[in-house]
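Colleague: Residue numbers (UniProt numbering): 1 to 198.
We treat Cβ as the ideally placed atom computed from N, Cα and C, and that holds for glycine.
Keep in mind the model is a prediction, meaning the values are calculated, not measured.
Got a structure for you, written out below as structure tokens; questions coming shortly.
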């Protein structure tokens with residue numbers, strides 16, 4: 001039951017970078033020792049897996065505890081998503097559909113000059129959400145360099161949205177690849193932040 005500690009290793013991949021829409025899932029909350037091969041072994045019972053990618057810190061090469069699994073068919077992905085809870089090596093993990101590359105590309109290219117590659121916009125926040133709530137949630141993807149919860153200048157009350165800045169663009173890409181984010185029990189809207197012209 002104890003997971004063998006192995007270095008993260010490249011998963012078997014098809015050389016085509018295009019997979020049918022709806023075949024990719026996000027897996028979060030994994031044990032840091034989980035490898036691409038472990039992830040593939042856990043999910044191939046739902047159908048053929050063509051790609052597994054555990055996201056690692058580029059400096060330390062340690063797993064960030066989340067990754068993506070791409071199946072050969074949409075049916076296999078739907079089968080995996082149909083199970084409300086997954087347990088991977090004794091640890092409950094979070095499984096969600098991943099946004100398609102087309103969705104991410106469309107969002108980025110809508111106005112490419114104005115997109116900030118290091119920042120995300122978070123909207124629809126519960127009024128009680130604090131800076132610490134945001135920091136704690138987004139630290140699972142990478143350490144934020146700035147958390148800016150927008151407040152009313154007169155009352156000091158939250159305006160229901162925030163901006164989170166990270167050190168690297170790849171963290172932002174991974175966050176945007178996840179279609180659903182939930183903070184303080186409320187589903188929130190996360191998208192690319194637009195650079196201020198001011």
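Report the residue from 153, 22 and 143 whose alpha carbon sits nearest the alpha carbon of residue 169.
Modeller: Counting from one through the chain shown, the residue named residue 169 turns up at place 169. The option with the nearest alpha carbon to residue 169 is 143.
Colleague: If I measure Cβ to Cβ from residue 178 and keep anything under 6 Å in the same chain, skipping five residues before and after, which residues do I get?
Modeller: Residue 178 sits at position 178 when you count from the first residue of the chain shown. Result list for residue 178: 26, in chain order.
Colleague: Could you name the residues of the same chain whose beta carbon sits closer than 6 Å to that of residue 193, not counting the 5 residues immediately before and after it, in chain order?
Modeller: For the purposes of this step, residue 193 is taken as residue 193 along the chain shown, with counting starting at 1. Around residue 193: 116, 119, 120, 121 and 163.
Colleague: The beta strand (DSSP E) spanning residue 176 covers which residue range?
Modeller: Within the chain shown, numbered from 1, the residue matching residue 176 stands at position 176. Counting along the chain, residue 176 falls outside any beta strand (DSSP E), though it belongs to the alpha helix (DSSP H) covering 169 to 176.
Colleague: Just the Cα atoms here: how many angstroms apart are residue 92 and residue 58?
Modeller: Here residue 92 corresponds to residue number 92 of the chain shown, with the count starting at 1. Here residue 58 corresponds to residue number 58 of the chain shown, with the count starting at 1. When rounded, the distance between both Cα atoms is 25 Å.
Colleague: Which term fits residue 24, buried or exposed, when burial requires 16 or more other beta carbons within 10 angstroms of its beta carbon?
Modeller: Sequence index remark: in the chain shown, residue 24 carries index 24 (1-based). Looking at its Cβ environment, which holds 16 or more other Cβ atoms inside 10 Å, residue 24 is buried.
Colleague: Quick one: what does DSSP say residue 125 is sitting in, helix, strand or coil?
Modeller: Walking along the chain shown from the start, residue 125 turns up at place 125. If DSSP states are grouped into helix, strand and coil, residue 125 belongs with coil.
Colleague: Jot down the residue ranges of each uninterrupted alpha helix (DSSP H) in the region 65 to 91, minimum 4 residues, whole runs only, in chain order.
Modeller: Entirely contained in the region 65 to 91, the alpha helix (DSSP H) runs reaching 4 residues are, in chain order, 74 to 82.
Colleague: Output the distance between the C-alpha atoms of residue 89 and residue 185, rounded to the nearest integer angstrom.
Modeller: The residue you call residue 89 lines up with position 89 of the chain shown. The residue you call residue 185 lines up with position 185 of the chain shown. The straight-line gap from Cα to Cα measures roughly 26 Å.
Colleague: Quick check: the region 34 to 52 against the region 73 to 81, are at least 3 beta-carbon pairs closer than 8 Å?
Modeller: Enough Cβ pairs lie closer than 8 Å, so yes.
Colleague: What is the DSSP secondary structure of residue 141, reduced to helix, strand or coil?
Modeller: For the purposes of this step, residue 141 is taken as residue 141 along the chain shown, with counting starting at 1. Residue 141 falls in the coil class under three-state DSSP.
Colleague: Whole angstroms is fine: what's the gap from residue 109's alpha carbon to residue 98's?
Modeller: Residue 109 sits at position 109 when you count from the first residue of the chain shown. Residue 98 sits at position 98 when you count from the first residue of the chain shown. With a pLDDT of only 46 at residue 109, under the threshold of 50, the placement of this residue in the model should not be trusted; the figure read from the coordinates follows. One C-alpha to the other measures close to 19 Å.
Colleague: What residues in its chain sit with their C-beta under 6 Å from that of residue 160, if we drop five residues either side in the sequence?
Modeller: Reading the chain shown from its first residue, position 160 is the one you call residue 160. For residue 160, where only same-chain residues beyond five positions count, the Cβ hits under 6 Å are 125.
Colleague: Take the Cβ of residue 54 as the centre, count every other Cβ of all protein chains shown within 10 Å, and call the residue buried at 16 or more, exposed below.
Modeller: Here residue 54 refers to the residue found at position 54 of the chain shown. Burial call: buried.
Colleague: Could you check the C-alpha separation between residue 145 and residue 86 for me, to the nearest Å?
Modeller: Position 145 of the chain shown holds residue 145. Position 86 of the chain shown holds residue 86. Rounded to the nearest angstrom, the two C-alpha atoms are 32 Å apart.
Colleague: For residue 114, count neighbouring Cβ atoms within 10 angstroms of its own Cβ and tell me buried if that reaches 16, exposed if not.
Modeller: Stepping through the chain shown from its first residue, residue 114 is reached at position 114. Burial call: exposed.
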